[in-house]
Amino acid sequence: MARRGAGLVWAGLPLFFLALAFFIPLANVFLLGVRENGRWTAANLRAVLSDPYVRHLFSFTALQAFLSTLLSFALGFPLGWFLARYRFPGKGFLRAFTLAPFVLPPITVALGFFLFFGNTGYLNTALRAVFGLREPPLRLLYSLWAIVLAHAFYNAPVFARFVHAAWTSIDPTLEEACAVLGAPRFRAFSTVTLPLLLPAIFSAAALVFVLCFLSFAIPLSLGGARYATVEVGIYLYARVYLDFSRAAALGLVQILVTLALAYFYVQGSGFFGSRQGRTHPIPTLAFPSRPAHLLWLVWLLVSAVIFLGPMASVVADSFSRPLGGKPPGFGWYRAIFSPEQNPFIGISPLGSILVSLEVAGLSTLLALTLGLSVSGALRVLRSRALEAVLMAPMAVSSVVLGLALLLAFRKPPLSALPEKFSLVLAHGLMFYPFVVRIVRPIWEGLTPAWVEAARTLGAGRARAFLTLEMPLLSQAILVAGAFSLALSLGEMTAAAMLSRGELVTIPLAIYRFLSARRFGAASAMASLLILITVAAVAIWEWLGERSLRAYGQA
Amino acid sequence: MARLEVQNLRKRFGPVVAVDGISFSVDTGEILVLLGPSGCGKTTVLRCVAGLERPDQGEIRIDGSSIVHLPPERRNVGLVFQNYALFPHLTVAGNIAYGLRHGRHRISRRERNAKVAELLELVGLSGYARRKPHELSEGQKQRVALARALAVEPKILLLDEPLSALDAALRVELRRELRRILKERGTTSVYVTHDQEEALVLGDRVAVMREGRLEQVDRPQELYERPKTLFVAQFLGRANLWPAQLVRQEQDKALVRIDETELEAEAASPLSSEVVLFFRPEWVEIGDGPFLAEIKEAQYLGNRWEVHGQVQGRPLLLYAHEKIEGSLRFRIKRAFVLPQS
Numbered sequence: 001m002a003r004r005g006a007g008l009v010w011a012g013l014p015l016f017f018l019a020l021a022f023f024i025p026l027a028n029v030f031l032l033g034v035r036e037n038g039r040w041t042a043a044n045l046r047a048v049l050s051d052p053y054v055r056h057l058f059s060f061t062a063l064q065a066f067l068s069t070l071l072s073f074a075l076g077f078p079l080g081w082f083l084a085r086y087r088f089p090g091k092g093f094l095r096a097f098t099l100a101p102f103v104l105p106p107i108t109v110a111l112g113f114f115l116f117f118g119n120t121g122y123l124n125t126a127l128r129a130v131f132g133l134r135e136p137p138l139r140l141l142y143s144l145w146a147i148v149l150a151h152a153f154y155n156a157p158v159f160a161r162f163v164h165a166a167w168t169s170i171d172p173t174l175e176e177a178c179a180v181l182g183a184p185r186f187r188a189f190s191t192v193t194l195p196l197l198l199p200a201i202f203s204a205a206a207l208v209f210v211l212c213f214l215s216f217a218i219p220l221s222l223g224g225a226r227y228a229t230v231e232v233g234i235y236l237y238a239r240v241y242l243d244f245s246r247a248a249a250l251g252l253v254q255i256l257v258t259l260a261l262a263y264f265y266v267q268g269s270g271f272f273g274s275r276q277g278r279t280h281p282i283p284t285l286a287f288p289s290r291p292a293h294l295l296w297l298v299w300l301l302v303s304a305v306i307f308l309g310p311m312a313s314v315v316a317d318s319f320s321r322p323l324g325g326k327p328p329g330f331g332w333y334r335a336i337f338s339p340e341q342n343p344f345i346g347i348s349p350l351g352s353i354l355v356s357l358e359v360a361g362l363s364t365l366l367a368l369t370l371g372l373s374v375s376g377a378l379r380v381l382r383s384r385a386l387e388a389v390l391m392a393p394m395a396v397s398s399v400v401l402g403l404a405l406l407l408a409f410r411k412p413p414l415s416a417l418p419e420k421f422s423l424v425l426a427h428g429l430m431f432y433p434f435v436v437r438i439v440r441p442i443w444e445g446l447t448p449a450w451v452e453a454a455r456t457l458g459a460g461r462a463r464a465f466l467t468l469e470m471p472l473l474s475q476a477i478l479v480a481g482a483f484s485l486a487l488s489l490g491e492m493t494a495a496a497m498l499s500r501g502e503l504v505t506i507p508l509a510i511y512r513f514l515s516a517r518r519f520g521a522a523s524a525m526a527s528l529l530i531l532i533t534v535a536a537v538a539i540w541e542w543l544g545e546r547s548l549r550a551y552g553q554a
Numbered sequence: 555m556a557r558l559e560v561q562n563l564r565k566r567f568g569p570v571v572a573v574d575g576i577s578f579s580v581d582t583g584e585i586l587v588l589l590g591p592s593g594c595g596k597t598t599v600l601r602c603v604a605g606l607e608r609p610d611q612g613e614i615r616i617d618g619s620s621i622v623h624l625p626p627e628r629r630n631v632g633l634v635f636q637n638y639a640l641f642p643h644l645t646v647a648g649n650i651a652y653g654l655r656h657g658r659h660r661i662s663r664r665e666r667n668a669k670v671a672e673l674l675e676l677v678g679l680s681g682y683a684r685r686k687p688h689e690l691s692e693g694q695k696q697r698v699a700l701a702r703a704l705a706v707e708p709k710i711l712l713l714d715e716p717l718s719a720l721d722a723a724l725r726v727e728l729r730r731e732l733r734r735i736l737k738e739r740g741t742t743s744v745y746v747t748h749d750q751e752e753a754l755v756l757g758d759r760v761a762v763m764r765e766g767r768l769e770q771v772d773r774p775q776e777l778y779e780r781p782k783t784l785f786v787a788q789f790l791g792r793a794n795l796w797p798a799q800l801v802r803q804e805q806d807k808a809l810v811r812i813d814e815t816e817l818e819a820e821a822a823s824p825l826s827s828e829v830v831l832f833f834r835p836e837w838v839e840i841g842d843g844p845f846l847a848e849i850k851e852a853q854y855l856g857n858r859w860e861v862h863g864q865v866q867g868r869p870l871l872l873y874a875h876e877k878i879e880g881s882l883r884f885r886i887k888r889a890f891v892l893p894q895s
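First to last, the protein sequences are chains A and B.
FYI, the numbering for the first sequence is 1 to 554, going by our numbering.
FYI, the numbering for the second sequence is 555 to 895, going by our numbering.
Spelled out as structure tokens, the structure:
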């Protein structure tokens, strides 16, 4: 009936906003790359493509993304297997933990790697003490491997979640059928289970590859200029060499590559048919219950070192690094709440915390508003083209988005806004797709009969929305808000692109402390971010994915 | 309390014609059952009356005034959904009070509480006010859905297969109670079902639907004993249908011939020479008679035997108190003559 009208009402706001804050700025960036003095030119593009440094950027970016994907798979697949097949105390906790890297700020990971795997870090110190060595045995930092390991740290849980989800959607009677037909267990695995897991593995691999391809904070802080990725390259051109045309041209090439990857991902997942069927309660084994489980224990121990070591190092460092020659106690925390100007970060530490909170709060409101209206529009108007337009910011890397807004804020109409709004807009645009991903399936899962029932009982369309859909979506909105807040507080790519004067957020302050080797203050700030991350994950787990979906199935 | 009229209702979904020109009316306090196989369009009729679908054509009136252009919330038509559609975040009391709180005629909290208590009493759920829907059994959910729809005192109450999700024993119990409640409150109701027994028990009149059209609207007994079409005869209950020749017809009496035997039967409409003789299995009297049946199979159903036989190549179904084998003679106590198509 009048549903299309309702859909257009929902779509109006985000369309207007995206045009103003996304499509026009982005188009201007690309024009900058292909126009000079009022004429079309391919000179910039040609220069970029023939530049050996740029070629190196692309090949290095692809290489590290490929290696990172492989290592993520190697670390993540067993974790997914373990979660799917065994029951043990703390399983829920471990499952929740696999979500953490999604929101964990990359700069805290980089800092953790410095403190844990660094030449004078906890791991090398411990190994030297145990084996009585003079030299640090593991020289990981400032190499390709540091980046790959950090990416694997990040993305192994992606594999674990995909594999776990796929495994629990396999009907266990299939493996039982194999057993009855006389297939030994490893054959049942290789001929039935593994082929059914492949779509999930493929999806996860494509996703992880794209994420690593577009990684910024980790290569920037662990690799430097020598091990720069494309994302870092664009940043360097725009913010260090101030060559916007070249940055724009590089951004244009990057977006073409990522769109091709995304197309491949979408086609591939369609081809492999990664349908999420119903979940089956697979029979789980108690762990540990057999001698062979010793292997799992060793693997768990190694994983724990890789995953927990860096994070624990950050927290430990914030409480142990001497401050003024004495044990610090809470000294580093007092220091980061100081209102005094700090020469290393260019603003007072407290000031950067306040800026971060303000940006996070405003951008979360923006992301929720956009996310809700996009969900509302897509729920009614099922058009692929509209979906592509409304979700377009997902396809653009954070550095390119930052560049677009950086340039847009120099001209009207956006120049009328205070500068920090450039970052608010950037974060709002980056995180509303997450809001859509959380809210939309739940909204669409609501039984249409509920609204129909409300209307036959005399409630108008708007009232039915307020009294039924809003309360039923409130948990999803809360979760989406918590995630958006945590993501904004930890986001560094757009923050680095857009930082100017007083606009220094917590991750940027950590990066600057880290660059100046002021570890104590960096650790204290990073610990704060870790705490916020844990809180966001806790909210997710507390409300529970299951309870979020329960209404949809009621 | 109101009279519902539906005239020439049409609704198509893309290429599919769901409702193909349907007219009927329901009198004040009457229960009309729409009966038909699944996909025959009966739910669409209901949704058009409720305002959840907009018909392509046709008129819907309550007490003479058209409601076709009103949105659902302004029609004062209640609907009990097939899966109840209870609001999961509200208690039983919250569900029942929803229309009184957010609907068109809002009343004070005190009046609301009194009304909810009265309705809970009516459906036998006093003491369940604070439960959430997921804490209720299917039967209890059904009662809450009914109470919620009745709370706003709709002029017309629509029920869309409200008992279909329940198990058989509960269904039988609840349909008796449902009829009691509807009759007690004198609510004009349209009840959709595909269960013929339910239709016969619940309806003051039953409308049989087929592929978007009405086949016959009649009192249950009339429908069962004097179906107007072959479809109704076959859809409702078990029947024997034999091709026969019409010898002559005098108003509602007809003389037909089967093989060499002539037989008197009732008839409703003017008939041509080729007709179908319709008789229920329970209208077959075993013993003496003009017909000889060869028994093929007898199935034990507990309270009776269901016997399948053949008479000159025509299938015969009848009920017996004991097992029958071989062959038997019988006569047809009563029969009804239908046109062949």
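Just so you know, even glycine gets a beta-carbon here, dropped at the ideal spot from N, CA and C.
In the DSSP assignment, find the unbroken alpha helix (DSSP H) run with residue i in it and report its ends.
i	result
residue 83 of chain A	52 to 85
residue 543 of chain A	519 to 543
residue 176 of chain A	172 to 180
residue 512 of chain A	506 to 515
residue 298 of chain A	293 to 320
residue 770 of chain B	Note, residue 770 of chain B: premise wrong, no alpha helix (DSSP H); beta strand (DSSP E) at 767 to 772.
residue 128 of chain A	122 to 131
Using 10 angstroms around the beta-carbon of residue i, count the other beta-carbons present and answer buried if the total reaches 16, otherwise exposed.
i	result
residue 567 of chain B	exposed
residue 524 of chain A	buried
residue 632 of chain B	buried
residue 29 of chain A	buried
residue 562 of chain B	exposed
residue 44 of chain A	buried
Alpha carbon to alpha carbon, how far is residue i from residue j?
i	j	result
residue 858 of chain B	residue 198 of chain A	58 Å
residue 669 of chain B	residue 705 of chain B	7 Å
residue 536 of chain A	residue 435 of chain A	14 Å
residue 506 of chain A	residue 352 of chain A	6 Å
residue 341 of chain A	residue 238 of chain A	27 Å
residue 258 of chain A	residue 345 of chain A	33 Å
residue 456 of chain A	residue 803 of chain B	51 Å
residue 243 of chain A	residue 249 of chain A	10 Å
residue 54 of chain A	residue 499 of chain A	25 Å
residue 73 of chain A	residue 190 of chain A	17 Å
residue 251 of chain A	residue 234 of chain A	7 Å
residue 295 of chain A	residue 193 of chain A	21 Å
Measuring CA to CA, which of the options is closest to residue i?
i	options	result
residue 698 of chain B	B:637, B:631, B:606 and B:628	B:637
residue 833 of chain B	B:684, B:780, B:564 and B:753	B:780
residue 62 of chain A	A:96, A:26 and A:211	A:211
residue 362 of chain A	A:482, A:10 and A:251	A:482
residue 66 of chain A	A:289, A:215, A:441 and A:334	A:215
residue 411 of chain A	A:5, A:24, A:10 and A:331	A:24
residue 285 of chain A	A:519, A:37 and A:81	A:81
The beta strand (DSSP E) with residue i in it runs from where to where?
i	result
residue 794 of chain B	794 to 804
residue 560 of chain B	558 to 567
residue 622 of chain B	Looking at the DSSP string, residue 622 of chain B is not in any beta strand (DSSP E), and its letter there is neither H nor E.
residue 862 of chain B	859 to 865
residue 844 of chain B	838 to 854
* Asked: Relative to chain A, which residues along the stretch 563 to 582 of chain B have a C-beta separation below 7 Å, given in chain order?
  -> none
* To do: Give the residues from the stretch 72 to 86 of chain A that approach chain B closer than 8 Å (Cβ to any Cβ), ordered along the chain.
  => none
* **chain B contacts from the stretch 440 to 453 of chain A (Cβ-Cβ distance under 7 Å)** => 447, 449, 450, 452 and 453
* **Contact set between the stretch 455 to 473 of chain A and chain B, restricted to residues whose Cβ is under 9 Å from the partner** => 455, 456, 457, 458, 459, 460, 461, 463, 464, 466, 467, 468, 471 and 472
* Would you list, in chain order, the members of the stretch 593 to 608 of chain B that have their beta-carbon closer than 9 Å to a beta-carbon of chain A? => Within the stretch 593 to 608 of chain B, the qualifying residues are 601, 604, 605, 606, 607 and 608.
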